[in-house]
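For the sequence shown, our numbering begins at 1 and goes up steadily by one.
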Amino acid sequence: SYEGIDIAQINEIKVTPLLAVNQVEIKGVEFLNIAKDMIGEGIEYIKANHSILKPYWVKLDIKGDFGVAKGYIDLKSRLVHIDIVKEKNIAPLKSILRKNKQGWYYEYRF
């Protein structure tokens with residue numbers, strides 16, 4: 001929900017806290033209302049892995065209507081970077097994606 005508007009529905013969240021590595025897996029993200037028009041139908045899964053060996057780094061693996069993506073969150077520099085490694089239907093996302101020699105990617109500073 002964002003500002004009182006339902007944006008997405010999540011079917012399953014699994015948190016695996018271990019000593020050295022932690023993982024959060026989100027499955028079945030279904031976008032609703034205006035988000036569906038802007039982003040697409042949904043995301044099959046998002047996996048976020050965090051290791052104590054790299055405390056400021058979170059590795060991301062994502063599969064959705066747009067294809068397959070890999071990326072990271074750098075907590076120290078406050079950067080989210082996601083590369084589309086196998087593109088499928090990226091048309092709804094093109095307004096927020098950039099392109100370089102390796103292909104389409106998304107970056108956001110927070």
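Where a beta carbon is used, it is the ideal one built from N, C-alpha and C, also for glycine.
One thing to note: residue 87 has its Cβ within 8 Å of the Cβ of residue 66. Annotated as proximal: residue 73 and residue 80, with beta-carbon spacing under 8 Å. Look at the segment 24-68 and you find these whole runs of beta strand (DSSP E), each 3 residues long or longer: 42-51, 54-64. Per DSSP, the continuous beta strand (DSSP E) segment holding residue 99 begins and ends at 98-100. Taking a contact as a CB-CB distance under 8 Å, the pair residue 82 and residue 60 counts as one, their CB atoms being some 6 Å apart.
The shortest CA-to-CA distance from residue 51 to any of 3, 24, 77 is the one to 24. For residue 12, the uninterrupted beta strand (DSSP E) segment begins and ends at 8-17. If you ignore the 5 residues before and after residue 9, its C-beta comes within less than 7 Å of the C-beta of 30, 32, all in its own chain and listed in chain order.
Taking C-beta separations shorter than 6 Å and ignoring five residues to either side along the sequence, the partners of residue 47 in its chain run 25, 61, following chain order.
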